[in-house]
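Undergrad:
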Amino acid sequence: MNIEFFDSEMCCSTGVCGPSPDPELIRVNEMIEQLKAQGHTTVRYMMSRNPMAFSSNKQVYQELIGKGAGALPIVVADGEIVAKGYYPSLDDLIAEKR
């Protein structure tokens, strides 16, 4: 499975930095590592660092036009949006693509 994470702005590439990192971002970072270990391709984009990824994905671009940055995060699996405005659990993400 090819999974893309379109994230809102964060202080670093994972969001797991600073004196008190967000527990949700820690969970997501761990999930991404598990997905990679299972052989899935994962990519994480942030608008300021990867603007072309946001504009070249038609579905993501349309969500941003309609809802602005409030649509983020957006998770795309094998070319289909599987989550908007939240990060799914690992089980939900895997089940979505079965």
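Numbering-wise, our numbering puts 19 at position 19 of the sequence shown, and it's gapless, one number per residue. Quick reminder that beta carbons are idealized off the backbone N, C-alpha and C, glycines included.
1. Measure the C-alpha to C-alpha separation of Gln38 and Leu64 and round it to an integer number of angstroms.
2. Which stretch, first to last residue, makes up the alpha helix (DSSP H) that contains Tyr61?
3. Contact between the segment 86-96 and the segment 68-78: three or more CB pairs below 8 Å?
4. Taking Tyr61 as the reference, give the member of Ile81, Thr42, Val43 with the closest Cα.
5. Give me the Cα-Cα distance between Pro51 and His40, rounded to the nearest whole angstrom.
6. How about Asp78 and Asn2: do their beta carbons lie closer than 8 Å?
7. Take Ala69 and list the residues in its own chain whose beta-carbon comes closer than 7 Å to its own, dropping the five residues that flank it on each side.
8. Measuring straight from C-alpha to C-alpha, what distance separates Thr42 and Ala83?
9. What are the boundary residues of the alpha helix (DSSP H) that Met46 is part of?
10. Using the Cβ count rule (16 or more neighbours within 10 Å means buried), how would you classify Glu24?
TA: Answer, in terms of the structure:
1. 30 Å
2. 58-67
3. yes
4. Ile81
5. 23 Å
6. yes
7. Ser8
8. 15 Å
9. Element bounds for Met46: not the alpha helix (DSSP H) but the beta strand (DSSP E), 41-46.
10. exposed
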